[in-house]
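Enquirer: In full-length UniProt numbering, the protein residues as written are 1 to 151. Cβ coordinates follow ideal geometry from the N, Cα and C atoms, glycine included.
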Amino acid sequence: MADQARMHFTMAVVHEVQRFADIIPLGLPHMTSRDIEVQGFRIPKGTTLFFNLSSVLKDESVWKKPFRFHPEHFLDAQGHFVKHSAFMPFSAGRRSCLGEPLARMELFLFFTCLLQRFSLSVPAGQPRPSDHGGSEFLVTPSPYQLCAVPR
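#1: Tell me the start and end of each unbroken beta strand (DSSP E) in the segment 26 to 110 that is at least 3 residues and wholly inside, in chain order.
#2: With contact counted as at least three CB pairs below 8 Å, one residue from each stretch, are the segment 48 to 68 and the segment 25 to 36 in contact?
#3: How long is the line joining the alpha carbons of Leu-107 and Val-14, rounded to whole angstroms?
#4: If we ignore side chains and look at the alpha-carbon of each, how far apart do Pro-66 and Glu-60 end up?
#5: In three-state terms, what does DSSP make of residue 230?
#6: Ordered along the chain, which non-local residues of its own chain (more than five positions away) have a Cβ less than 8 Å from that of Arg-151?
#7: Compare the C-alpha of Arg-19 against each of His-70, Glu-100, Ser-130 and Arg-95 and name the closest.
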């Protein structure tokens, strides 16, 4: 973990995977405690609301290439890692995921260990994995084949 601060591109890739994959498109439900108005729309007290995390993670006014895998979204001009305020795959506010710090650490460790030990490739003659997964409540990748060759 000590090396993490110097691994800018790796951090950018891990964050871009979370942004692009957008595994959980809706946050936890919230309920209005009073009548409110949002952009001219009246929302009565007791209304259940959901954060549309996909709308933030794919916002064209924030991300240069919102519908493409582009780790440079998280790098500044000098190639240093930068976390955007619009990056919220764990939701936002008081009900954001309590396990976020642990999940971030685990994702970093998992991916760095995996990539240190294996070369990953698509088998000859097989299609590349699709950028678009199936979606019901959770977004899941479409089936694909992958070769993991020990380094």
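Expert: Per the coordinate set shown:
#1: 26 to 31, 36 to 38, 41 to 43 and 48 to 52
#2: yes
#3: One-based indexing of the sequence shown puts residue 107 at position 107. One-based indexing of the sequence shown puts residue 14 at position 14. Approximately 7 Å, taken between the alpha carbons.
#4: Taking the first residue of the sequence shown as position 1, residue 66 is located at position 66. Taking the first residue of the sequence shown as position 1, residue 60 is located at position 60. Approximately 6 Å between the Cα atoms of the pair.
#5: Because the chain in this structure spans residues 1 to 151, residue 230 falls outside the shown range and cannot be described.
#6: Along the sequence shown, read from residue 1 onward, the residue named residue 151 stands at position 151. Excluding sequence neighbours, Arg-151 sits near Gln-116, Arg-117, Phe-118 and Ser-119.
#7: In the sequence shown, counting from the first residue as 1, residue 19 sits at position 19. Closest option to Arg-19, Cα to Cα, is His-70.
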